[in-house]
Amino acid sequence: MKRKAEGAPPPPLVVLHGDDEFAISEHLQQLRALPDFNLNISEFDGRKAGMAEVRGVCAALPFLSPRRLVVLHNAGGKSAEGEEPAAGKGGLVSALVDYLPQLPPFTTLVLLDARKLPENSRLLKAARKVAGYVEHFCTVPTKDDELAQWVVQRARAAGGVFSPAAARALAAAIGPEPRRLAGEVHKLLAFVNWERPVQPADVEQTTPAAGQGTIWVLVDALAERDARRAHACLDKLLTHDALQPLFEVFPMIVRQYRLLLQAREVLDSGAAAAELQSALKVHPFVAQKLGTQARRYTLPALEAIYARLAQLDVAMKSGTEPRTGLELLVAELTA
């Protein structure tokens, strides 16, 4: 969190809410690192701590530093899982609303909630009355283009550059997991030493999950009978042996088509696309991709492909050279 002016003290009240846990934790870490607080930092869980305990710590004079930082997690009345606070439904919120105007001038109270608080919530209204700093953090986007843009912005904030293609490759490999994405962005910028833009080849070389992103592209190419693109994807998978050994590529393809077959069966049963996540027990991002790809195939076509994969599995175990077998499979499916 940036200060309004250089040298200005942190605000007396900070409210961070929303379901982007990673962004909230980053902002909280920035606050903890401010020299204003030194070692005068206390944290409480609103589901367990009583308001009297929180008030007592807020009222204690800071030791050898100008301010005290008090952090109250799950301050909005429930945790993200719906657990009630120790004070009972509404009890903690009511106590906070009454207390906020009485905050000591040397204390910064941070209220965290892992859900989006309604604009008309009592807590937000009370926070604004005392000129509190309020910020909402929404979940990282799940659409490919938006997620790739998130990667580009994250790299820019870290002083580096991602090419659009590299951002798309990383987004496809990791999905909407901000903590993992942020780590990979930093790793890739360090890999190029912040001297040039990160390229797709860098992602493939340093990110183990990048192979899965290529699998998505391969399946798309097979569904469209695009032989050139499909062979290029297969070659990319098979030539990066350090990341995807040959014996790992075939199980990845089998798993992908098994999920597509299951997704097609769910969709053909009349279920809504939103039900794929629970039916297949996969991440929402993966469910979205599976739904899109499954619609490109008929159920009989997927059953035939899966049967052909089973035949190829037996053939490779009986002596067929794996690379040759996979290349023949791609040729058959794109003929």
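Residues in the sequence shown are numbered from 28 upward in steps of one, following my numbering.
Even glycine gets a Cβ: it sits at the ideal position worked out from N, Cα and C.
Here the structure is a predicted model, which is why all the values come from computation and not from measurement.
Reduced DSSP category for residue i - H, G, I as helix; E, B as strand; rest coil
i      : result
LEU40  : strand
LEU138 : strand
VAL120 : helix
ARG256 : helix
GLU162 : strand
LEU99  : strand
GLY352 : helix
THR233 : helix
ASP247 : helix
SER148 : coil
ALA358 : helix
ALA298 : coil
LYS75  : coil
ALA290 : helix
PHE218 : helix
ARG94  : coil
VAL276 : helix
GLU35  : It should be noted that the sequence gives Ala, not Glu, for residue 35. Reduced to three states, the DSSP call for ALA35 is coil.
LYS156 : helix
LEU127 : helix
GLY45  : coil
LYS143 : coil
ASP373 : The structure shown does not extend to residue 373, since the chain is modelled only from 28 to 362, so the question has no answer here.
THR347 : coil
GLU111 : Residue placement at GLU111 is poorly supported in this model, since its pLDDT is 46, which falls under 50; the coordinates still yield a value, given next. In this structure, GLU111 counts as coil in the three-state DSSP scheme.
Residue i, buried or exposed, once every other Cβ within 10 Å from all chains shown has been counted against 16
i      : result
GLY83  : exposed
PRO37  : buried
ASN220 : exposed
LYS316 : buried
LEU136 : buried
ALA102 : buried
LEU66  : exposed
GLY187 : buried
ALA35  : exposed
LEU208 : buried
PRO145 : exposed
PHE189 : buried
PHE90  : exposed
GLN283 : buried
ASP229 : buried
CYS85  : buried
GLY346 : exposed
PRO205 : buried
GLY73  : buried
GLY159 : buried
LEU326 : exposed
GLU173 : exposed
ALA79  : exposed
GLU231 : buried
Start and end residues, alpha helix (DSSP H) containing residue i
i      : result
ARG82  : 78 to 86
VAL225 : No alpha helix (DSSP H) contains VAL225, which DSSP labels as neither H nor E.
ASP340 : 326 to 344
ARG59  : 48 to 59
ALA306 : 303 to 307
Beta-carbon proximity of residue i to residue j, cut-off 8 Å
i      : j      : result
ALA299 : ALA306 : no
VAL42  : VAL212 : no
LEU245 : LEU261 : yes
LEU40  : ALA154 : yes
PRO168 : PRO203 : yes
LYS324 : ALA248 : Rather than Lys, the amino acid found at residue 324 in this sequence is Tyr. Contact: no.
VAL281 : LEU264 : no
PHE133 : LEU88  : yes
LEU175 : ALA198 : Contrary to the premise, residue 175 reads as Ala rather than Leu in this sequence. Contact: yes.
ARG291 : ALA321 : yes
LEU16  : VAL124 : With the chain covering only 28 through 362, there is no way to say anything about residue 16.
ARG59  : ILE51  : no
THR319 : ARG252 : no
First and last residue of the uninterrupted beta strand (DSSP E) at residue i
i      : result
VAL313 : First-last for VAL313: 311 to 321, but that is the alpha helix (DSSP H), not the beta strand (DSSP E).
SER69  : 68 to 72
Min CB distance residue i to chain B below 8 Å
i      : result
SER305 : Structure shown: chain B not included; a single protein chain is present.
Closer than 7 Å: residue i CB and nearest the ligand FMN heavy atom
i      : result
LEU356 : Although the ligand FMN was asked about, the structure shown includes no ligands whatsoever.
So within the stretch 160 to 214, which uninterrupted alpha helix (DSSP H) runs reach at least 4 residues, ignoring any that extend past its ends?
DSSP runs (the alpha helix (DSSP H)) wholly in the stretch 160 to 214: 171 to 184 and 191 to 201.
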